[in-house]
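Just so it is clear: in the sequence shown, position 399 is 399 by full-length UniProt numbering, and no numbers are missing. By construction, the Cβ of each residue, glycine as well, lies at the ideal position given by its N, Cα and C atoms. Owing to the predicted nature of the structure, the values given are computational and were not obtained by experimental measurement. The structure appears below as structure tokens.
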Amino acid sequence: MSHKRPQEDRTKGRPSEAFTPDQDKRRRVPTLRNVVQEVMKLQSVQHLLEPVLEPLIRRVVKEEVEVAFRKHLNNMKRNGGKDVNSTSRSLQLQFLNNLSLPVFTGTRIEAEECSAIKVAIVDSLTGQIVSSGPESSAKVEVVVLEGDFDGDEGDNWTLEEFKNNIVREREGKKPLLAGDAFLTLTRGIGLVGEISFSDNSSWTRSRRFRLGARVVDGSDGTRVREAKTESFIVRDHRGELYKKHHPPSLSDEVWRLEKIGKDGAFHKRLSRENINCVKDFLTMLFIDPPRLRHILGTGMSAKMWEVTVEHARTCVLDKRMHLYCPPGSQQKSGVVFNIVGQVMGLLSECQYNTIDKLSETEKIEAQNLVISALQHWEEVVSFDDEASLTSSVKREISNGTKYLASQEIRGFDYAQPSASSPDIISTIYSVGGLSGLDDYALHGYEQALSYPGQVTNSLICDTDITQTFCDEDHLRYFDSDLQPQSLGLESQADLQTAVDGFLLQRTVAVQAQRRWTKIFSVLKWFSIKRRVKEKFRGLQI
């Protein structure tokens, strides 16, 4: 078969056109020889591969089908289907509280807030605790599980899967879980006894543990799904020496707070400023937070600062309240704060206002008063709680006073000399015309009028001492032979009431003090005048 070569384009040096359509058709049709050869090759490959591929494919398909079928059966059993082993309800164990972290070897495993771990059996469909029936008093075992044991997407697992993920102790080691790992449910709830880890979790594949719980007796053949906790790390006991406290206490060293390492840079900075415990840290935080932030320096980021402050604020404080009244306030105003210097309220003109009712200016004033109080702690008055503080204010106001009485009456301060003081009394005796007064009567008046001067440094606002006199037996200032009938009274009680009414007048303390001062001044003037006259007469003679 002959073919003509295509003519070339002499101007461009390449063929001027492709094969003709007839020529292309003849080139695409395979020859009989090629077809026979291809068929023979395919038959040879099929005969060679069929014995190898067919068993392999059959085996893979069979295994996959069997696995899928087993999962289907297990799901039917767990979901209470129409399997022969299915029951009318689906039960499961459940941990009712979270573990207290971190966990250390040799230390009791507890729940949050140092409580015992609770395990309960519940109905998985309703979530209710099963409090009756044989399952409610089942015996439960606590085991250690691998930290990466999660089950399938629905948090389901088979009994075999649970068993395969139980962690045993390392060879030559003590049992991994020390203590009483068994408990008996009571009305569906049980408390885990004193158990602890004897080894850390660093050697396991996930470097973490879980606690698991399973029924070992009392389920009456019913399938009860096991319980498991969240995964956690178990550290060696020596790490407990450096662990953080949640929550911290006031007496804890300051490095117990988050982000402050023992003997670290932050710890050393705080120690240089005499901030050694959590109480010191909180006091500085409430008194001067910018300074505390400056002490820690730029090495503590804003995020670290927030974490540390938030941890410190979780510290449980006692309920004691402290009151400080600056000397210049005339005992009518002061600041109320707690043990770490946090302002709780302000006492203004004998009225107590809590911190949320104060303006920004009043808050700044209260903060400055707290700083002064810490510098003059001997002048601070303490109360058991805020209720005792407010009740004291109300009691004093109802008694006719406007301020708060402390546990020790601190008395009145008078600038002028006391009219009943010994020097005034002796002067009165020396003045002519008064020396003949009855000694006993004068002594009685001296005792009665000297009482206000004997009360020291009072927290009472005004000079009204009526309540103080009410607590006294005023009849002792009078003659013991005085009878109520002689005054037209019927009984001794009436006499006592009459005397109390006389002494309970508001002007007793103030007016008596002023009157005696005036009398003293007049008598002293007469005394001086008499002495001047006597000296003048002597000069004339």
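Following the continuous beta strand (DSSP E) through residue i, name the residue where it begins and the one where it ends.
i: F95; result: 91-95
i: T184; result: 182-184
i: A120; result: 118-123
i: L177; result: 177-179
Should residue i go down as buried or exposed, given a rule of 16 or more other Cβ atoms within 10 Å for buried?
i: L292; result: buried
i: S382; result: exposed
i: V61; result: exposed
i: S392; result: buried
i: V278; result: buried
i: N164; result: exposed
i: M40; result: exposed
i: H90; result: Checking the sequence, you will find Ser at residue 90 rather than His. Under this definition S90 is a buried residue.
i: S201; result: buried
i: R187; result: exposed
i: L270; result: buried
i: I260; result: buried
i: L183; result: buried
i: T87; result: Confidence in T87 is poor, its pLDDT being 45 and thus under 50, which makes the residue's placement unreliable; the coordinate value appears in the next sentence. T87 is exposed by the Cβ-count criterion.
i: V216; result: exposed
i: Y242; result: exposed
i: H72; result: exposed
i: Q92; result: buried
i: W157; result: buried
i: K228; result: buried
i: E66; result: exposed
i: F104; result: buried
i: A387; result: exposed
i: R214; result: buried
i: H294; result: exposed
i: H47; result: exposed
i: F526; result: exposed
i: H376; result: exposed
i: V52; result: exposed
i: L159; result: exposed
If you reduce the DSSP assignment to three classes, tell me which class residue i lands in.
i: R187; result: coil
i: S196; result: strand
i: S131; result: coil
i: Q528; result: The identity of residue 528 in the sequence shown is Ile, whereas the question assumes Gln. The answer is helix: DSSP assigns I528 an H, G or I state.
i: K228; result: strand
i: residue 543; result: This structure does not reach residue 543, given that the chain is present from 1 up to 541, and the question cannot be answered.
i: M40; result: helix
i: E63; result: helix
i: H246; result: coil
i: E273; result: coil
i: L145; result: strand
i: R70; result: helix
i: V216; result: strand
i: S115; result: strand
i: L99; result: strand
i: V316; result: coil
i: V167; result: coil
i: E253; result: strand
i: K174; result: coil
i: K262; result: coil
Give the C-beta separation of residue i and residue j to the nearest angstrom, bearing in mind that I take them to be a contact with Cβ-Cβ under 8 Å.
i: P248; j: R256; result: 5 Å
i: V234; j: F266; result: That belief does not hold up - the Cβ atoms of V234 and F266 are roughly 28 Å apart, past 8 Å.
i: N97; j: S115; result: 7 Å
i: S131; j: E112; result: Contact doesn't hold; Cβ gap of about 24 Å is too wide.
i: G147; j: R210; result: 6 Å
i: T361; j: H237; result: About 54 Å; that fails the 8 Å criterion.
i: G341; j: V316; result: Not a contact, Cβ separation roughly 17 Å.
i: V144; j: V167; result: 5 Å
i: I195; j: L176; result: Not confirmed; about 10 Å, so no contact.
i: L389; j: L346; result: Their Cβ separation, rounded to whole angstroms, is 12 Å, which puts L389 and L346 out of contact at 8 Å.
i: A181; j: V119; result: That belief does not hold up - the Cβ atoms of A181 and V119 are roughly 12 Å apart, past 8 Å.
i: P253; j: N276; result: This sequence places Glu at residue 253; Pro is not what is there. That pair is a contact at about 7 Å.
i: Q94; j: V140; result: With a Cβ gap of about 11 Å, Q94 and V140 do not count as contacting.
Let's see if you can read the secondary structure: which residues bound the alpha helix (DSSP H) around residue i?
i: L282; result: 278-287
i: L159; result: 159-164
i: R207; result: Unbroken run through R207: none, as it is neither H nor E.
i: A312; result: 302-313
I'd like the ranges of any alpha helix (DSSP H) spanning at least 4 consecutive residues and lying wholly in the segment 324-403. Listed in chain order, the complete alpha helix (DSSP H) runs (minimum 4 residues) inside the segment 324-403 are 360-375, 386-398.
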